[in-house]
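Student: In this text, residue positions in the sequence shown follow our numbering: the first is 177, and each later residue adds one.
Glycine included, C-beta positions come from ideal geometry on N, C-alpha and C.
The structure follows.
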Amino acid sequence: MKNRKYEFDYLKALCIISVIVTHCPFNEQSRKLVFFPFFVEMAVPIFIVISGYMQCHSIVNSHSIKLYYSKKLKKNILKVIAPYLFVIFVEFVWFVIFKDVMSTRCFFTQLLKDGAIGPGGYYTIIYLQLLVVFPLLFWLYRVAPKSVIIGGVAVCVLLEVLCNHFVSDEVYRLLFVRYLPFALCGIILFDKRYNMKKIQLYSIISLLFIYLLAYTGYTPHIFRRWSGSTLPTAPYALLLTSLFIRYMPRVGHFLDRLLSEIGKSTYYIFLVQMLWFAIGLGSFTSDLKTVIPVNLVICLSAGIAFKNMLLFIEEKIGQVHKIMIDRL
Numbered sequence: 177m178k179n180r181k182y183e184f185d186y187l188k189a190l191c192i193i194s195v196i197v198t199h200c201p202f203n204e205q206s207r208k209l210v211f212f213p214f215f216v217e218m219a220v221p222i223f224i225v226i227s228g229y230m231q232c233h234s235i236v237n238s239h240s241i242k243l244y245y246s247k248k249l250k251k252n253i254l255k256v257i258a259p260y261l262f263v264i265f266v267e268f269v270w271f272v273i274f275k276d277v278m279s280t281r282c283f284f285t286q287l288l289k290d291g292a293i294g295p296g297g298y299y300t301i302i303y304l305q306l307l308v309v310f311p312l313l314f315w316l317y318r319v320a321p322k323s324v325i326i327g328g329v330a331v332c333v334l335l336e337v338l339c340n341h342f343v344s345d346e347v348y349r350l351l352f353v354r355y356l357p358f359a360l361c362g363i364i365l366f367d368k369r370y371n372m373k374k375i376q377l378y379s380i381i382s383l384l385f386i387y388l389l390a391y392t393g394y395t396p397h398i399f400r401r402w403s404g405s406t407l408p409t410a411p412y413a414l415l416l417t418s419l420f421i422r423y424m425p426r427v428g429h430f431l432d433r434l435l436s437e438i439g440k441s442t443y444y445i446f447l448v449q450m451l452w453f454a455i456g457l458g459s460f461t462s463d464l465k466t467v468i469p470v471n472l473v474i475c476l477s478a479g480i481a482f483k484n485m486l487l488f489i490e491e492k493i494g495q496v497h498k499i500m501i502d503r504l
């Protein structure tokens, strides 16, 4: 994207670091530390907010929803699916062929149930749904913004109630609908006409909700599955994102390049950490002072290398394709 905003890369970098950290072997008591429920566990919702914002830019640059669907959607889907399938292939080789810990049938059954083996296996499936549904959501918002926000809230509540009664945890985990409020927040952020005071007010409710979940054992009647990333926490995710991109200054040259590179590679890093923890290497010791920095260095560096490798392959394929066309 032209004129790329460094603030988003910084925030994405912090979020992917949080994802890796949260998958380290913390005990339940450690997960009650303030930074866990109020930031670390908000990483994926913030990712969805940012993704919504970026998708708005992509659609606007396409000049119409129709052109986006016809020209950009296929390309965006391929960018998501290609690295995902590569990691799935590596998981298949590791678990079925090399380790022989599960049958081919068991592997693909688990793939259908969880999206992938490893923490966060659901994310790619949800992100693909976002790519397909989001342009329509954005178009509806531009036609009637208030109605879409109110309707979106109502739809979220209704679908949560229906899912609680008729949808299993495995299926619910793979549904984009549970992240619909955060996608809407991405549109609101892009719209730039949001009322900060209202967001701050609604965020107080979000903070209270998160506090009750983390420290009192409260179980919501409606938003009872993966409660920390449901509708009641959406205003807080929007507030965090908005404050960060508004007030985050540009850092020194080295750190700027590092955070920017991590921010541009977050999806690839996410897939690498999923694989890393799936094969059991992410919990090689219970000593957090050792395991956290090791996991961060390996997952971040391998994720960036993975992205560069795929880009290199894509470039070479493009060159070969061009040569073949020229010869014809």
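(1) Which of the three DSSP states is assigned to cysteine 191 in this structure?
(2) Over what stretch of residues does the alpha helix (DSSP H) that includes valine 256 continue unbroken?
(3) Nearest CA to the CA of proline 408: which residue from Ile386, Thr392, Ile493?
(4) Give the straight-line distance between the Cα atoms of glutamate 491 and aspartate 345, rounded to the nearest whole angstrom.
(5) Measuring only the C-alpha atoms, how far is tyrosine 378 from methionine 372?
(6) Beta-carbon separation of isoleucine 501 and serine 441 under 8 Å?
(7) From this set, Gly327, Lys483, Pro469, His397, which residue's C-alpha is nearest asparagine 340's C-alpha?
(8) So, is phenylalanine 366 buried or exposed, given that buried needs 16 or more other C-beta atoms within 10 angstroms?
(9) Would you say the region 297-311 touches the region 351-361, given that touching needs at least three Cβ pairs under 8 Å?
(10) With DSSP as the reference, label aspartate 463 as helix, strand or coil.
(11) Assuming isoleucine 455 contacts cysteine 200 (C-beta within less than 8 Å), just tell me the rounded distance between them.
(12) Ordered along the chain, which non-local residues of its own chain (more than five positions away) have a Cβ less than 7 Å from that of serine 403?
(13) Mind checking which residues open and close the alpha helix (DSSP H) that includes lysine 433?
(14) Assess contact between the region 356-363 and the region 207-227, defined as three or more Cβ pairs (one per stretch) separated by less than 8 Å. Is contact present?
(15) Would you call the region 319-329 and the region 183-190 touching, i.e. three or more CB-CB distances under 8 Å?
(16) How should proline 213 be labelled, buried or exposed, when 16 other C-beta atoms within 10 angstroms of its C-beta is the threshold for buried?
(17) Hey, is leucine 287 close to the ligand FAD, as in C-beta under 7 Å from one of its heavy atoms?
(18) Helix, strand or coil: which one does DSSP assign to tyrosine 394?
(19) How about threonine 300 and valine 347: are their beta carbons less than 8 Å apart?
(20) What did DSSP end up calling leucine 498 once you bin it into helix, strand or coil?
(21) DSSP three-state label for asparagine 484, please.
(22) Only counting runs of 4 or more residues, tell me where the alpha helix (DSSP H) segments fall wholly within the region 279-346, in order along the chain.
Tutor: Quick answer:
(1) Helix, per DSSP.
(2) 249-268 is the extent of the alpha helix (DSSP H) around valine 256.
(3) Of all alpha-carbon atoms in Ile386, Thr392, Ile493, the one lying nearest the alpha-carbon of proline 408 is that of Ile386.
(4) So the alpha carbons of these two residues sit roughly 41 Å apart.
(5) Going by the C-alpha atoms only, they are around 10 Å apart.
(6) No.
(7) Closest by alpha carbon: His397.
(8) So phenylalanine 366 counts as buried.
(9) Touching, yes.
(10) Coil at aspartate 463, not helix or strand.
(11) Not confirmed; about 15 Å, so no contact.
(12) Non-local C-beta neighbours of serine 403 in its own chain, meaning closer than 7 Å and more than five positions away in sequence, comprise Leu389, Pro396, ordered along the chain.
(13) Sequence check: residue 433 is arginine here, not lysine. Boundaries of the alpha helix (DSSP H) harbouring arginine 433: 429-440, taken from the DSSP string.
(14) At 8 Å Cβ cutoff, the stretches touch.
(15) Two segments are said to touch when three or more pairs of C-beta atoms, one from each, lie closer than 8 Å; by this definition the region 319-329 does not touch the region 183-190.
(16) Burial of proline 213 is indicated by the presence of at least 16 other C-beta atoms within 10 angstroms of its C-beta.
(17) With respect to the ligand FAD, the structure shown offers nothing to examine, as it has no ligands at all.
(18) Reduced to three states, the DSSP call for tyrosine 394 is coil.
(19) No, the pair does not count as a contact, with Cβ atoms beyond the cut-off.
(20) Going by the sequence as given, residue 498 is lysine instead of leucine. Of the three classes helix, strand and coil, the one that applies to lysine 498 here is helix, per DSSP.
(21) Helix, per DSSP.
(22) Runs found: 280-290, 299-319, 321-342.
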